[in-house]
Each structure stands twice: as structure tokens, then as C-alpha cells.
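Enquirer: One structure, pasted below without further comment.
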């Protein structure tokens, strides 16, 4: 027997080294969350959704600026800027929904989640990073659009009113609600079905049904069937997310860019509603991902 194959006795001079178990660091959740967040932001940056939005942004801005090249009054300039800002915020809300839908549905249809959901990357971590990254991109685009509107105000010699900042904040809140809604639907159903549900079944639709049932009951039709319909539409109206929960209190800002002192609190209320709904959507979507046994 050779000396190389003979184990030397341990006389207490050399400590015995045993392989240590792989213990994740205390901040492993936040490290993985940051890694997923960075990966999702890069994924969105390279996707065609952002490129399409930038193209729409440039086309709308250039076409809307054409009349100003031939000279127009201050009143018409304000109307043009209001139109540009309104259209861009609408397209940004659509983009936000697309990002929330795309981030979840792409990985589910690509069937790569089984490789992603390994032991330090849990479904909770991955889903939270997806919602945060889409919200971050939406926030950055809102800041860029607001800065462009401020630049147009200076270029057209218009007063920079606080309504620009107010509407930018409201747009961020609306985008959070839209992202949460589409993330939830993408985790439950096929993306085509999710988009159809988001377009057709909204709070305004069920509110009109609720108003119709209340009016019918007030006109004398107080049958059990009509009362059941009224309660049914009321329940759906309360369940369906509202993109502008305090819209009737802040709608005046959109037409004048002037903010009254008492309207800022409704912006804070809207943010509280958006974060609460985002938490509920996150928990339901997380439950759906776990039930699908991706891990």
C-alpha cells in the first residue's frame, strides 16, 4: 500500500474540516429581488413595447407641434399642449398594462419559470420584482413626459402650472393600478383573455349598469329580480378596480392645470387605494402561481 493512499492519523494538530452547508445570507431576499428587478428592466428596455411607445410619443408630439410652426395664440397653444399630454398619458397607461401582462405571460408561455423558481428565487420574489420593474419604467416615462411638457410651456411662453406635476403623479398612480390589474389577470388566464377582460369589464361599465338598475327601481319596478340585479351590479362595481377612484374630485385639474388646496389630499387617497389594490393583486397572483406548481 502506498503512502499516498494511507490516511494519516489526526493528532489534534490539524483541525478537521467538514464541508459547511450553504447558508444564504440574511439579505438574500433583497439581493435576489434586486437581481430580478435589474433583469426585468433590461428585458423591458429591449422589448418592442418601449420602442413602440417612443415612436408613438414622437409622432404625436411632432404632429401636434406642426400648427405652432405657423404661429398660434396662447389659448390655442395651451389647448394643443393639453391634447398632447392627455394622449400621451393614455398611451402610457396602455403601455403600463402591456408591461404587466407581458412580463408574466411571456415567462409562463415560455415555460422558463421552472428554471427561474429555484431556492433562493421564490415566486414571491420574482412576482414582486416584475411589478416593481414595470412600475419603475412607467414612473421614468412619466417624468420624461412631464419634463417635455414643462419644456413646451417655456417654449410657447405659457405659465408652468402645478397641474402638470399633479397630473404626472396621478398618471403614475393610474399606471400602478393598471399594472397590478394586468399582472393579476395574466397569472389567472390566457393573455388574450386577460386583455379582453380588461378592456370590456371595467368600473365604468358596471357603474352604468348599477345606475340603470337604481333608476328602474326608482321608477316603480321593485321586483325581487331587479333588486337582485342591483345588488349584483353593485358587488361587481365594488370588486372591479377603479383607475381613478377620486376622479370626480380632481377632474377639474385636467382642463385647467390649476390645483386647489384641497385636491392634493385626494391624490394621497388615490395612492393609498393603488397600493392597497396592488397588494391584493400581488397576493392573489402569487397564490395562482403557486397552485400551478411551477416548482
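In the working numbering, the protein residues as written are 308 to 602. No residue lacks a Cβ here, since even glycine has one placed at the ideal position from N, Cα and C.
On the three-pair Cβ rule with 8 Å, is the segment 446–453 touching the segment 398–418?
Expert: In short, these stretches touch, since the Cβ pair count reaches three.
Enquirer: Give me, in chain order, the residues of the same chain whose beta-carbon lies closer than 7 Å to that of residue 481; leave out the 5 immediate sequence neighbours on both sides.
Expert: Answer for residue 481: 400, 550 and 551, listed in chain order.
Enquirer: Among residues of its own chain, excluding the 5 on either side of residue 432, which ones have a beta-carbon nearer than 8 Å to its beta-carbon?
Expert: Closer than 8 Å at the Cβ level, and outside the excluded window around residue 432, lie 336, 339, 340 and 343.
Enquirer: At a cut-off of 7 Å, is residue 439 close to the ligand MN when judged by its beta-carbon and the heavy atoms of the ligand?
Expert: As for the ligand MN, it is missing from this structure, which has no ligand bound.
Enquirer: Determine the direct distance from the alpha carbon of residue 493 to that of residue 591, and round the result to whole angstroms.
Expert: Roughly 11 Å separates the two Cα atoms.
Enquirer: Using the C-alpha atoms, what's the distance from residue 594 back to residue 406?
Expert: The alpha-carbon atoms of residue 406 and residue 594 are separated by roughly 21 Å.
Enquirer: If you draw a straight line from the C-alpha of residue 587 to the C-alpha of residue 465, how long is it?
Expert: Roughly 42 Å separates the two Cα atoms.
Enquirer: Quick one: Cα of residue 429 to Cα of residue 487, how far?
Expert: About 19 Å.
Enquirer: Measuring straight from C-alpha to C-alpha, what distance separates residue 589 and residue 529?
Expert: Rounded to whole angstroms, residue 589 to residue 529 spans 40 Å at the Cα level.
Enquirer: What is the residue span of the alpha helix (DSSP H) that residue 589 lies within?
Expert: That run of the alpha helix (DSSP H) goes 571–598.
Enquirer: What did DSSP end up calling residue 605 once you bin it into helix, strand or coil?
Expert: Residue 605 lies beyond the stretch modelled for the chain, which goes from 308 to 602, so this question has no answer here.
Enquirer: Between residue 569 and residue 556, what straight-line distance do the alpha-carbon atoms span, to the nearest angstrom?
Expert: Roughly 9 Å separates the two Cα atoms.
Enquirer: Look up residue 549 in the DSSP assignment and say whether it is helix, strand or coil.
Expert: Of the three classes helix, strand and coil, the one that applies to residue 549 here is coil, per DSSP.
Enquirer: Smallest Cα separation from residue 468: which of 364, 566, 542 and 349?
Expert: Comparing Cα-Cα distances from residue 468 to each of 364, 566, 542 and 349, the minimum goes to 566.
Enquirer: Less than 8 Å separating the beta-carbons of residue 537 and residue 512?
Expert: Not a contact, by the Cβ cut-off of 8 Å.
Enquirer: According to DSSP, is residue 567 helix, strand or coil?
Expert: Residue 567 falls in the coil class under three-state DSSP.
Enquirer: Count the other CB atoms within 10 Å of the CB of residue 328; is the residue buried (16 or more) or exposed (fewer)?
Expert: Interpretation of residue 328 is limited by its pLDDT of 45, a score under 50 that renders its predicted location unreliable; the figure taken from the coordinates is listed afterwards. It counts as exposed.
Enquirer: Can residue 489 and residue 471 be called in contact, C-beta distance under 8 Å?
Expert: Not a contact, by the Cβ cut-off of 8 Å.
Enquirer: May I ask you to report which of helix, strand or coil DSSP gives residue 468?
Expert: Three-state result, residue 468: coil.
Enquirer: Three-state secondary structure (DSSP) at residue 496?
Expert: Three-state DSSP puts residue 496 in coil, outside helix and strand.
Enquirer: Which same chain residues, not among the five before or five after residue 436, have their C-beta less than 7 Å away from its C-beta?
Expert: 340, 343, 344 and 347.
Enquirer: With residue 548 and residue 510 assumed to form a contact (beta carbons below 8 Å), what rounded beta-carbon distance in angstroms separates them?
Expert: Contact flag correct, Cβ pair sits at about 7 Å.
Enquirer: Where does residue 298 land, buried or exposed, given buried means 16+ other C-beta within 10 angstroms?
Expert: Outside the displayed span of the chain (308 to 602) sits residue 298, for which this structure offers no information.
Enquirer: Of all the options 542, 412, 385 and 519, which has the alpha carbon lying nearest to the alpha carbon of residue 459?
Expert: Residue 459 has its Cα closest to that of 385, out of 542, 412, 385 and 519.
Enquirer: Is residue 545 buried or exposed, if buried means 16 or more other CB atoms sit within 10 Å of its CB?
Expert: By the neighbour-count rule (16 or more Cβ atoms within 10 Å), residue 545 is not buried but exposed.
Enquirer: Cα separation between residue 388 and residue 533?
Expert: Approximately 46 Å between the Cα atoms of the pair.
Enquirer: Put residue 463 into one of helix, strand or coil per three-state DSSP.
Expert: Correct three-state label for residue 463: coil.
Enquirer: Our contact map puts residue 535 next to residue 438 with C-beta atoms below 8 Å; I'd like the distance itself, whole angstroms only.
Expert: The Cβ separation is near 36 Å, so there is no contact.
Enquirer: Tell me the DSSP secondary structure of residue 503 in three-state form.
Expert: Three-state result, residue 503: helix.
Enquirer: Mark residue 491 as exposed unless 16 or more other C-beta atoms lie within 10 angstroms of its C-beta, in which case mark it buried.
Expert: Buried, because 16 or more other Cβ atoms sit within 10 Å of the Cβ of residue 491.
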